[in-house]
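In what follows, a single structure is set out as structure tokens and then discussed.
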Amino acid sequence: MRSSPLLAVLCLLGTTHAAASDYKCTGNRVEKAGVTQYTVRRSGMDVAIDKGGNPRGRAVRRGNGYDIEVNGLRVATLEDGVIYRGASRWASVADAQRLSDCPDPIAVTLWVLGQTGGL
């Protein structure tokens, strides 16, 4: 089987992009370039993301998924690796993890915050 130079370049670009997440979770902190940007608080399966003591977003466990809240309002849901806005597919966990190297609910909450101007 012949390998395609284009395929090799695409694979390399995909790997480089995935490895270059803007944010990284370290314990209860979300860091960018080694500097703490957000604090993660956990309560059971729920996750809250704060900046300077102010809440930015939450992932609230609902059944098999999460409601993603910004300013107390549900903006999206996470179910089976898919992020929904209303009834429409918005993105995937993989898309969210390109922004942050964090567990699913944290990565998705950060991604939604980025999409809604809350980062």
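Quick note, the sequence shown lines up with residues -20 to -1, 1 to 99 if you use mature numbering (1 follows the signal peptide of the UniProt record, and there is no 0). Even glycine gets a Cβ: it sits at the ideal position worked out from N, Cα and C.
Buried or exposed (CB count within 10 angstroms, at least 16 for buried), residue i
i, result
"E49", "buried"
"A87", "buried"
"G14", "exposed"
"G45", "buried"
"C(-10)", "The predicted model places C(-10) with a pLDDT of 39, which falls under 50 and marks its position as unreliable; any figure quoted below should be read in that light. Result: exposed."
"S80", "buried"
"L99", "buried"
"T57", "buried"
"T6", "exposed"
"T89", "buried"
DSSP bridge partner residues for residue i (one or two, in chain order)
i, result
"A71", "I63"
"T89", "None; T89 has no bridge partner."
"S23", "D26"
"T6", "R9"
"R41", "Y46"
"L53", "V50"
"L58", "Y46, I63"
Option in the options with minimal Cα separation from residue i
i, options, result
"R22", "P83, L99, G97", "P83"
"G43", "T89, E59, R69, P85", "E59"
"S1", "P85, Q77, G97", "Q77"
Presumed contact (8 Å Cβ cut-off) between residue i and residue j, rounded CB distance
i, j, result
"I29", "V55", "Between V55 and I29 the Cβ distance is about 13 Å, and since that is not below 8 Å, they are no contact."
"V27", "N8", "With a Cβ gap of about 10 Å, V27 and N8 do not count as contacting."
"K31", "Y18", "5 Å"
Does the region 87 to 96 come close enough to the region 25 to 42 that 3 or more CB-CB pairs lie under 8 Å?
-> yes
Is the region 73 to 80 touching the region 45 to 65 in the sense that three or more CB pairs, one from each, lie closer than 8 Å?
-> yes
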